[in-house]
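What follows is one structure encoded as structure tokens, with my remarks underneath.
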Amino acid sequence: MQRAIGEMTIECIKGDITDQGDIEVIVNAANQQLKGGGGVDGAIHRAAGPQLVEASRALAPISAGQGVITPAFDLPNDWVVHCAGPVYSDDPDVPPQLAACYRTAIELAEDKAAASIAFPAISAGIYGYPLSEAATIAMETVGEAARSVISLRRARFVLFSDEAHDAFAEALSILT
Ligand code: AR6
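Take the sequence shown: its letter number 82 is residue 82 in the UniProt record's numbering, and every next letter is one higher.
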């Protein structure tokens, strides 16, 4: 599933974010201490090697919604943006924090003049965000940013399950 929006192609695939060799910047769903963890964070750290935890911890802590960028070390990409997604709750700050992760990742990728970025479903695993709500916020934020990007031309959502893929593809299909 893909759509051209503004200057960008936005696409959804089912797959593993550590296996996106044609993408310059990948985004990690990290924690505020940037110390590694489970889920996609664990997979990214395993694939990048031990230098990644040293590089990211040097930039910690960050708040929910913030992000930092490091080299990608042994990954087949140039950069990793580490975003701390919010833990899901009914706190009204939570949706803007999730949106801020996607906006920050795009800004950091553009600072490196990158043409391509890949996102996982931030906060939709261990942090408990319901998939359809997480997908709507992700797509609306990236879709809005697509209209004013400078270097980025491709944003790929890499979803780990059929359920996540279907939720993100649905949100992409109804983006206006
Ligand atoms: N590629 C793409 N997506 C993946 C992969 C992968 N290799 N592995 C898992 N996912 P989660 P969060 C999906 O829990 O909810 C960590 O411990 C997964 O199925 O990784 O933001 C951090 O250190 C789900 O759809 O991130 C934090 O403490 C999505 O990625 C905490 O978890 C996000 O799930 C962050 O929790």
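Glycine included, every Cβ here is placed at the ideal spot set by N, Cα and C.
Since the structure is predicted, the reported quantities are computational estimates derived from the model, not experimental observations.
Item to check | Leu-34 - DSSP class collapsed to helix/strand/coil | outcome: Along the sequence shown, one-based indexing puts residue 34 at 34. In this structure, Leu-34 counts as coil in the three-state DSSP scheme.
Item to check | Option nearest Ala-72 by Cα separation, candidates Arg-103, Gly-39, Gln-97, His-45 | outcome: Taking the first residue of the sequence shown as 1, we reach residue 72 at position 72. The residue among Arg-103, Gly-39, Gln-97, His-45 with its C-alpha nearest the C-alpha of Ala-72 is His-45.
Checklist entry - To the nearest whole angstrom, what separates the beta carbons of Val-81 and Ala-124, a pair I think is in contact under 8 Å? => result Along the sequence shown, one-based indexing puts residue 81 at 81. Along the sequence shown, one-based indexing puts residue 124 at 124. Incorrect: roughly 17 Å between the Cβ atoms, too far for contact.
Checklist entry - Once you ignore the five residues that flank Ala-99 on each side, which residues in its own chain have a CB closer than 6 Å to its CB? => result Taking the sequence shown and counting its residues from 1, one reaches residue 99 at position 99. Ile-137, Thr-141.
Checklist entry - Smallest Cα separation from residue 215: which of Ala-167, Lys-112, Ala-121, Val-149? => result Missing from the structure shown is residue 215; the chain here goes from 1 to 176 and no further.
Next on the checklist: Run through the DSSP bridge pairs and tell me what His-82 is partnered with.
Outcome noted: Counting from 1 along the sequence shown, the entry for residue 82 is found at position 82. Residue pairing by DSSP places His-82 opposite Asn-28, Val-68 in a beta bridge.
Item to check | Three-state secondary structure (DSSP) of Gln-2 | outcome: As a first step, residue 2 is located in the sequence shown; it is residue number 2 there, counting from the start. It is a strand residue.
Next on the checklist: Could you check whether the stretch 141-155 touches the stretch 50-61, counting it as contact only if at least three pairs of C-beta atoms, one from each stretch, sit closer than 8 Å?
Outcome noted: By the Cβ criterion, the stretch 141-155 is not in contact with the stretch 50-61, since fewer than three pairs of Cβ atoms, one from each stretch, lie closer than 8 Å.
Next on the checklist: Please tell me whether Ile-62 and Ala-84 are closer than 8 Å, where the distance is taken between their beta carbons.
Outcome noted: Taking the sequence shown and counting its residues from 1, one reaches residue 62 at position 62. Taking the sequence shown and counting its residues from 1, one reaches residue 84 at position 84. Against a cut-off of 8 Å, the Cβ pair of Ala-84 and Ile-62 comes out as a contact.
Checklist entry - How would you write the range of the alpha helix (DSSP H) that Ser-56 sits in, first residue to last? => result Here residue 56 refers to the residue found at position 56 of the sequence shown. Where Ser-56 is concerned, the enclosing alpha helix (DSSP H) stretches over 51-57.
Next on the checklist: So, for Ala-164: in the same chain, excluding its five sequence neighbours on each side, which residues have a beta-carbon less than 7 Å away from its beta-carbon?
Outcome noted: For the purposes of this step, residue 164 is identified with residue 164 of the sequence shown, where counting begins at 1. Same-chain partners within the cutoff: Ala-121, Ala-124, Leu-131.
Next on the checklist: If I measure Cβ to Cβ from Ser-151 and keep anything under 7 Å in the same chain, skipping five residues before and after, which residues do I get?
Outcome noted: As a working mapping, residue 151 is identified with position 151 in the sequence shown. Closer than 7 Å at Cβ, skipping near neighbours: Glu-110, Ala-113, Ala-114, Ala-115.
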